[in-house]
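Structure record follows, encoded as structure tokens.
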Amino acid sequence: MAAAGDCLSLWREENDGVVRRWRRAAKSSGLDGSVKKTAQECQLAFTKLLQKIQGLPAALPALTLELTVLYNTLLFDIQQSSHSGEKLLAGIDCGLRRVLEACGASDLQLSLEDRWHRVLEERFPDGLRSSLHQLAALQGALWLAAKHLEKAEDLFQLLSAGMSPGPSLSRGCQNGLLSLLQVWHPPDEGPFAPLTVQSVRDLKSLLWTLAALLQGVQELEADDAPAGLALLQAATTGLCSRRLLAQIFTLMGRYSLKLGKPQVALQHLRQALQVDFTFLPALHQASLLYRQLGLLDAELEALELLDQALEDPAQVTTESPAPHFPIQTELFLRVPPLTALFAPTLCPSEVKYLLAQRCLQAGRVSEATEHYLDLLALLQEWPLRQCGKPALPRIPEVFLEAASALVDLARLEEAVAVCEEVVARTSELVPKTLCIEVALGAEEGSSLANPHTLLQKQKRESLRCVLWRAAAYLIQGWAWARRGEAKEAISYLSRCLNDLLRVHFVNTAGSTEAEMERVWVSEGKVLPQVRQLALTGRGMQFLELGQDKEALRDFQHSLLVCPESPTAHLYFLHTLWKVGRRQEAAEHWQKVHLNPVLLEENPERSLPLYLLLYEKQMKFPHVESLASRLESFTEEL
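Once you know that position 171 of the sequence shown is 1473 in this note's numbering, the rest is easy, because the numbers rise by one and skip nothing.
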């Protein structure tokens, strides 16, 4: 007996020594390489100690220490992810068998759930009951992680039997499992109990968070957002790392928005960023919500923070801020919706593009230009194919948007150089002629669903290349016009128009080319827009050179391509008046005057972003004086 007592004392000292070593390392080192190494060494030490204890027959005097060592061992096994859930459960089952063996009931053939029933029905000293509750807490966490909620609820029903409710961790959330966890009070370990690396009371708080979060996600998946949000709110009151808390608040923000409560969603996202401002999904969701609410400054600020976080990944914290806990809730979370939501959703190039795009759309051209230049540096490889991310358009369009912004800032040489890059990359892919067959009444993209699918896809890509190169010539022409070089501008605008003449839409049903352009894919809708802008722009340059007849011809053709263009109508009227054809000007003015919509900007006319600034620069500058002359002349007739 004395030898057994000596072994027990030595094992107790060994257990307590390993626990103290862990506590010292965790408090002094944080989550760096040294503490991880210490965790591995502690895991090995506890495993060897457990093997020594379980190498002898089970005995009641040693069970408290044995179960505590088993508990400490399993904590590190979970932290190191060195065992599967089945092996961890097998370790708990072995411990329960040893308890029943010490009670003389080792031959019982029971399931793990029934074994817990049998063990918890026994009357044990307080020290052993405390160790059993520690092991039960781990058992409940493993069952929750495996989504065996009923088993976990049954276990905590046994643990909380006869206990009275204590202070609530969360109010307003009625849930059976959470109610049982609230009632459950693990027995005090006592001052003379073997040391543990993580207290059972900490595990209780972890279990609360885990149970509330898992059930909350289940309710959200079942489209019961109010119940799910209530459970998520309850989860925030338990043991959470900053990162997990940010994840929960972000999830609450997303589903509050789905419920039509954007202000509540915004509050949750702000809470997420307050606890962890480097959590990328929260920054991304916040930027989207700010955009929806029309809060441009806040949206750009969120995107800037997201951009900075992606530029310096070292600032993005992913580890738990409390390393003295071997396990935290995250180790038990294997929920696909959470994984999908909290995985990084944006790459640096996407964020740069969103910043550039939103600044350009808001009229902050100078800021947009700097972001575009940063983005072009990120896209040095410049593949022509889609990068696979929804936030980033085709790479040539990014270059064209950057060039457009540079022209607007009068950085003309840089704009021409960027456009030359587009021309150089697309020229080999632009065919001499491009004939596209379109069925009358076809929907966008439907022409790709025929036996010539591959051929049609190739033609669609060829059409894009034609449009990209034509748009590059268009923007170069704009740049030369800004420099006052009208002849050079006309040369590039003519190249643009010549490229567009390569494309022919064919329809045996007899529809017009304009109709066929509109029923084909989106590229077919952009083609007349580019042609109209090039014709109007070239007409303006002909006016600068005094070639009024050539200008009149281009404005007339521009109206044929796009009859609803206010700019084309006004320049056409101005040129008619200038060449002395005032009667025709008056007649056209009457036609336009009877249909004032022709002189109004059409907000539904969606131009690609790289054409918007160009169109704004083309607006006729003397509308009032022209209208006054035409009105006076009309009255004199």
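Glycine included, C-beta positions come from ideal geometry on N, C-alpha and C.
For Ile1738, the three-state secondary structure derived from DSSP is strand. Taken through DSSP and simplified to helix, strand or coil, Val1808 comes out as strand. Taking the Cα of Leu1479 as reference, the smallest distance to any Cα among Lys1560, Trp1510 and Asn1897 is reached at Trp1510.
Annotation: Lys1563 is outside any alpha helix (DSSP H) and is labelled neither H nor E by DSSP. Within the same chain, Gly1841, Phe1844, Leu1845 and Thr1877 come within 7 Å of Ala1853 by CB-CB distance, once the 5 residues on both sides are set aside. Between the C-alpha atoms of Ala1438 and Ala1679 there is a straight-line separation of about 56 Å. The beta-carbon separation of Ala1574 and Gly1555, rounded to 7 Å, stays under the 8 Å limit for a contact. Annotation for Ala1407: Arg1420 place their beta carbon closer than 8 Å to its own, counting only its chain and skipping 5 residues before and after.
Cβ neighbours of Lys1354 within its own chain (closer than 8 Å, five residues either side excluded): Trp1313. By the Cβ test, the stretch 1786-1798 is not in contact with the stretch 1759-1767, since fewer than three Cβ pairs between them sit closer than 8 Å. About 6 Å separates the beta carbons of Thr1375 and Thr1349, which is inside the 8 Å limit, making them a contact pair. Under the 10 Å beta carbon count, Ser1927 is surrounded by fewer than 16 other beta carbons and is classified as exposed. Restricting attention to alpha helix (DSSP H) runs no shorter than 4 residues, the stretch 1387-1449 encloses them at 1387-1404, 1414-1423 and 1428-1447, ordered along the chain. Its Cα nearest to that of Trp1486, the residue Arg1503 stands out among Arg1503, Arg1884, Ala1447 and Leu1585. In the structure shown, Ala1537 adopts helical secondary structure according to DSSP, grouped into three states. In the structure shown, the three-state DSSP call for Arg1884 is helix. Leaving aside the five residues that flank Pro1359 on each side, the residues in its chain whose CB is nearer than 8 Å to its CB run, in chain order, Glu1403.
Apart from the 5 residues on each side of it in sequence, Val1653 sits with its Cβ closer than 7 Å to the Cβ of Leu1605, Leu1608, Asp1609 and Leu1612 in its chain, given in chain order. Separation of the CB atoms of His1806 and Thr1735 is rounded to 7 Å, and the pair is thereby assigned contact status at 8 Å. Between Ser1507 and Gly1540, the C-beta gap is smaller than 8 Å, which places the two residues in contact.
Comparing alpha carbon positions, the residue from Leu1482, Gln1484, Pro1488 and Ala1463 closest to Leu1434 is Pro1488.
Judged by DSSP secondary structure, Gly1518 falls within the alpha helix (DSSP H) whose first and last residues are Val1502 to Glu1523.
For Trp1418, the closest C-alpha among the options Leu1440, Leu1483 and Gly1429 is that of Leu1440.
Separation of Glu1716 and Ser1706 (C-alpha to C-alpha, rounded to the nearest whole angstrom) is 10 Å. Between Ala1584 and Thr1552, the gap from beta carbon to beta carbon is short of 8 Å. Taking the Cα positions, Arg1593 is about 17 Å away from Tyr1557. When the alpha-carbon of Ala1347 is set against those of Trp1324, Asp1456, Lys1560 and Leu1365, the nearest one is in Trp1324.
If you look at Ile1629, you'll find it isn't in any alpha helix (DSSP H); DSSP assigns it neither H nor E. In this structure, the beta-carbon distance from Leu1367 to Pro1496 falls below 8 Å. Approximately 6 Å separates the beta-carbon atoms of Leu1702 and Val1724; this is inside 8 Å, confirming the contact. If you draw a 10 Å sphere on the C-beta of His1570, you find 16 or more other C-beta atoms in it, and that means buried. Nearest C-alpha to Leu1412 among Leu1861, Gln1345, Asp1395 and Cys1649: Asp1395. The alpha carbon of Cys1649 has as its nearest neighbour, out of Leu1547, Glu1699, Leu1662 and Leu1582, the alpha carbon of Leu1582. Distance between Tyr1916 and Cys1737, taken at the CA atoms: about 29 Å. For Pro1583, the enclosing alpha helix (DSSP H) covers residues Leu1582 to Gln1594.
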